[in-house]
DNA sequence: TTGAAAGCGCTAACAT
DNA sequence: ATGTTAGCGCTTTCAA
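Residue numbers (my numbering), protein chains in the order written: chain H, 1 to 343; chain V, 1001 to 1343.
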């Protein structure tokens, strides 16, 4: 059995309180006893039981991370990268990370997140994929648990960290128009997510700026997965459109789209230019490397954790809104129409 | 405040014990009272506090997942996919997943895993990246916590789930020799991991079988990252070797290697064939699609959780060893030397 | 079938 | 500077 505080107290002929204080660095315990306590702790390998601590203090030093729901799921590289950075930031701040994965049927996904929030097992939550009308918000507020979204929420008194979705998308599409593209397809995200909306707006904005009329035939929605990007691209091509550029609302869909294009004998960027959004590590290694709007994924993770911890500690009442820059990064997948090289 | 068991008891004029029993489906509580209790629970939204339950029962219904250490980290698609599947399996079985990420400096990574094990916050652990000589094993045994490795361990009384690393690799390299390749490079993994060893053995085995002498000039080690694969490939080429095939010990390194090859004007598969190992989703979308040895990542996740839960419940004393199949899957990145098409 | 009481291991007033 | 005493919310003997 693991030694307990009581064991320590018995051995040292002290009370539990004193031992507890000594261990937590309480200034009103004698230097000498503090040393004795610490030595013994090391000797017998005592470490406090976080469960018991949690029950006593009502703090768990754990943050919940609500990973996205099906179909996107945890396998999306963007979320995995985010998870990694947020996880590291949390650990560094002394917090553990409890995952709230989706349930099998997808339907219960949201309730799983909400359930975790109500379970007293976490001090706060990071949520992903904010919906335009997100039912989780109400439930979370009711649970009086600090939380922060990765992505802008409609509700203004909710904290979030996001990136310049609209601006970044506009820049990307402008990049295409500048190269001389006019028939630019848009692979939008799911209609119910705020990120989809913002990125689509950026697309439209850039078209307006370039004097290109919006052609809804060139727009299709995907679900932010490779398969979704593939299907959306295929759909647009099936409609009989000729396309010279594609703006995909995330990198994963862009990669799926590239696949669909090649399947039809189109080469990239000679026949069609493709740009994505996110800046996932993998996109650099596609052939050709994917032009994309880079989000600072590491910083998004760090800032999300930072905000959440402030909210938890009460250092900040919230709501906190942070927008990080997203910049268009040209790469081999985007070139002038007809195959001119871009450098 | 969340309602407690006491609240429930007060309202119903029952004792905590009875309410607790009713909720846990204890057969010796009257049907009528059970119904009353359940109704009230729903009405006032009572859910048991898992922390308190944990303290009382010494079970947390949580499993710890020790994600790999730097430099591979959580961003490796293979681990992310694994994490997703294992996470889903765990949730389905009623367990939460607590992440034990690496620490910033990398050095403390192992101790972070071990620390979690000793913290009484998890009922068991899934560990990844077994080392040939893995210090964590001793510490975990001492903590008397059930655990299972993803990957074979040297220590035979440790439970693990793995795939046919050696056989799969041999098949892959044999695939290359059959196509007519003789100068086959090997991008090995870090020397201290069991998986690296097994896959390298498979490579050697296939060479022997094909009567090709092992040329150490064609072997270099990478760290299982893209950058590592890139560097290892570059190193082999810098040595002045002519290479017609490459076996990379994982997909991510294979993708990095493809990059290095192309940078030197070599095309795939016309000039060089490349095969990887893992079968990550992304590899299908590379250009050309990556030939690889497919591990059943989903099943690895499920089985790891399954074994761990058996160990936790005591249904099985362990050690349990499960080897899942790994099959070579030809694809566009592997073709006969000189550019013949493979179909 | 139900209740009373004693913990699980810790923290935090409130004494001394 | 240290000890005493209650809990935190739950499960689980042991009684009734």
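Think of the CB as a built atom: it goes at the ideal place given N, C-alpha and C, for glycine as much as any other residue.
Next item on the list: Go through its chain and collect everything with a Cβ distance to residue 1054 (chain V)'s Cβ below 7 Å, but skip five positions before and after it.
Entry: 1060
Check: Which ranges would you report for the alpha helix (DSSP H) in the region 1181-1224 of chain V if only whole runs of at least 4 residues count?
Finding: 1194-1210
Next item on the list: Check whether the Cβ atoms of residue 222 (chain H) and residue 187 (chain H) lie closer than 8 Å to each other.
Entry: yes
Item checked: Interface partners of residue 1114 (chain V) on chain H, CB under 8 Å -> Near residue 1114 (chain V) there are no residues of chain H at all, since even the closest Cβ is about 11 Å away, more than 8 Å.
Note to self: Measuring CB atoms only, is the region 34-41 of chain H touching the region 74-86 of chain H, in the sense that at least three cross pairs come out at less than 8 Å?
What the structure shows: no
Note to self: Please confirm whether residue 282 (chain H) has its beta-carbon closer than 8 Å to some beta-carbon of chain V.
What the structure shows: yes
Next item on the list: List the endpoints of the continuous alpha helix (DSSP H) containing residue 126 (chain H).
Entry: That residue, residue 126 (chain H), is in no alpha helix (DSSP H); its beta strand (DSSP E) goes 124-128.
Item checked: Candidates V:1113, V:1115, V:1023 and V:1163, of which the one nearest residue 1327 (chain V) by Cα -> V:1163
Note to self: Looking only at its chain, what residues have a beta carbon closer than 6 Å to the beta carbon of residue 1165 (chain V), apart from the 5 residues adjacent to it on each side?
What the structure shows: 1195, 1198 and 1199
Check: What residues from chain V crowd round residue 52 (chain H), counting only those whose CB sits closer than 7 Å?
Finding: 1055
Margin query: Which complete alpha helix (DSSP H) runs does the region 1043-1068 of chain V hold, if anything under 4 residues is left out?
Written below: 1050-1057
Notebook entry, point to check: What residues are listed by DSSP as bridge partners for residue 1292 (chain V)?
Noted result: V:1276 and V:1329
Item checked: Between the CA atoms of residue 251 (chain H) and residue 302 (chain H) - distance to the nearest angstrom -> 22 Å
Notebook entry, point to check: Between residue 1321 (chain V) and residue 1118 (chain V), what straight-line distance do the alpha-carbon atoms span, to the nearest angstrom?
Noted result: 24 Å
Next item on the list: List the endpoints of the continuous beta strand (DSSP E) containing residue 323 (chain H).
Entry: 321-324
Note to self: I'd like the span of the beta strand (DSSP E) that includes residue 1245 (chain V), first residue to last.
What the structure shows: 1245-1248
Notebook entry, point to check: Excluding five sequence neighbours on each side, which residues of the same chain lie with their C-beta closer than 8 Å to the C-beta of residue 1297 (chain V)?
Noted result: 1078, 1081, 1082, 1085, 1278, 1279 and 1280
Next item on the list: Using a Cβ cut-off of 9 Å, pull out every chain V residue sitting near residue 426 (chain H), in sequence order please.
Entry: Absent from the structure is residue 426 (chain H), since the part of chain H shown begins at 1 and ends at 343.
Next item on the list: For residue 104 (chain H), collect the residues of the same chain with a Cβ closer than 8 Å to its Cβ; drop the 5 residues on either side in sequence, then sort them by chain order.
Entry: Residue placement at residue 104 (chain H) cannot be trusted, given a pLDDT of 47 that sits under 50; what the coordinates show is reported in the next sentence. If we look at residue 104 (chain H) and ignore the five residues flanking it on each side, it has no Cβ neighbours.
Margin query: Counting beta carbon pairs with one atom in the region 1153-1163 of chain V and one in the region 1122-1134 of chain V, are three or more of them shorter than 8 Å?
Written below: yes
Check: Any beta-carbon of chain H closer than 8 Å to the one on residue 1244 (chain V)?
Finding: no
Next item on the list: Could you check the C-alpha separation between residue 12 (chain H) and residue 1052 (chain V) for me, to the nearest Å?
Entry: 29 Å
Note to self: As a quick exercise: from H:316, H:273, H:306 and H:112, pick the residue whose alpha carbon is nearest that of residue 330 (chain H).
What the structure shows: H:273
Next item on the list: Whole angstroms is fine: what's the gap from residue 1076 (chain V)'s alpha carbon to residue 1028 (chain V)'s?
Entry: 51 Å
Notebook entry, point to check: Which residue or residues does DSSP assign as beta-bridge partners of residue 1131 (chain V)?
Noted result: V:1193
Checklist line | Complete runs of the alpha helix (DSSP H) confined to the region 1001-1026 of chain V [at least 4 residues] | finding: 1005-1012 and 1016-1023
Margin query: Since residue 1258 (chain V) and residue 1286 (chain V) should fall inside the 8 Å C-beta cutoff, what is the C-beta to C-beta distance between them, to a whole number of angstroms?
Written below: 7 Å
Item checked: 8 Å contact criterion, which residue 1276 (chain V) and residue 1183 (chain V) should meet: CB distance rounded -> So it is not a contact: roughly 18 Å between Cβ atoms.
Margin query: How far does the alpha helix (DSSP H) with residue 1252 (chain V) in it extend, from its first residue to its last?
Written below: 1251-1263
Note to self: In whole angstroms, give me the CA-to-CA distance for residue 1218 (chain V) and residue 169 (chain H).
What the structure shows: 44 Å
Check: Of all Cβ atoms in chain H, is any one closer than 8 Å to the Cβ of residue 1226 (chain V)?
Finding: yes
Next item on the list: Spell out the partners DSSP gives residue 1149 (chain V) in its beta bridges.
Entry: V:1127 and V:1160
Check: Rounded to a whole number of angstroms, what is the C-alpha to C-alpha distance between residue 178 (chain H) and residue 232 (chain H)?
Finding: 24 Å
Next item on the list: Run down chain H in chain order and give the residues with a C-beta less than 8 Å from the C-beta of residue 1286 (chain V).
Entry: 285, 286 and 287
Checklist line | Residues that DSSP places opposite residue 97 (chain H) in a beta bridge | finding: H:63 and V:1099
Next item on the list: Indicate the three-state DSSP secondary structure (helix, strand or coil) for residue 1088 (chain V) in the structure shown.
Entry: helix
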